[in-house]
Amino acid sequence: MEPIFLDHPLIKHKLRHLRDVKTGTKEFKELVSEITTLLCYDATRDLPLEDVEIETPICKMIAQEIPGRKLAFVPILRAGLGMVDGALTLVPAAKVGHIGLYRDPETLQPVEYYCKLPFDIENRDVFLLDPMLATGGTAIDAVSQIKARNAKSIKFLCIIAAPEGVKALMEAHPDVQIYGASLDEKLNEHCYIVPGLGDAGDRIFGTK
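So in the numbering used here, spot 66 of the sequence shown is number 741, and the numbers just go up one at a time.
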């Protein structure tokens, strides 16, 4: 599936402030949440609808609703936690799981340390959340963990992506649809996205 990067003025405006080194922790968190809501809005546009009869204060009519679709939001710890509230703003009834991975500073490979998903994950459409798609290693491993538990479908939502990470995730999991706010230029020699926004986890939680 070809990745989808949203070309919307509101997203571009919020990204401008998100990237700025002068943006503080409080505003950074708010921007991550707001951008996630916009990403989630687009990523859920293909949910099926069914007709139901309702009565307005004026008359009866046929309206549409989502027929009991089961969704799950799964942030990759820790930076993905910053995206959860923005997603739940649109789908408050969705379940939330967590996958813990970190990148080994020497090998740059993902190291797993935690995985807790909804008990009925096989009946749910999963939205995997991580602000950054850099090398793709962490996303690939997280998708593999979810697939091993037989989720119905998986979409990957990120804010900023590098071409290298998009390519790697698409090659490893071609059935996973990628949604992002920006496709950046490249990775640098330290595997940080350029121009990027720095370390998303540190900026969300105010750590260095």
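For glycine and all other residues, C-beta sits at the position ideal for the given N, C-alpha and C.
Check, Outcome
"How would you call G743, buried or exposed, if buried means at least 16 neighbouring beta carbons within 10 angstroms?", "exposed"
"So, is V869 buried or exposed, given that buried needs 16 or more other C-beta atoms within 10 angstroms?", "exposed"
"Quick test of your reading: F748 and F802, contact by CB under 8 Å. State the CB separation rounded to the nearest angstrom.", "5 Å"
"Pop quiz: A837 and A817 are said to be a contact at Cβ under 8 Å. What is the actual Cβ separation, rounded to whole angstroms?", "A837 to A817, Cβ: 17 Å. No contact."
"Only counting runs of 3 or more residues, tell me where the beta strand (DSSP E) segments fall wholly within the region 700-766, in order along the chain.", "725-730, 735-740 and 746-752"
"Are there 16 or more other CB atoms within 10 angstroms of the CB of S819, so buried, or fewer, so exposed?", "exposed"
"If distances are taken between C-alpha atoms only, which option among L706, D874, K830 and I821 comes closest to I796?", "I821"
"Grab me the residues of L706's own chain with a C-beta within less than 7 Å of its C-beta, minus the 5 sequence neighbours each way, in chain order.", "K689, H692 and L693"
"Considering Cα atoms alone, identify which of P723, K770 and K735 is closest to L746.", "K770"
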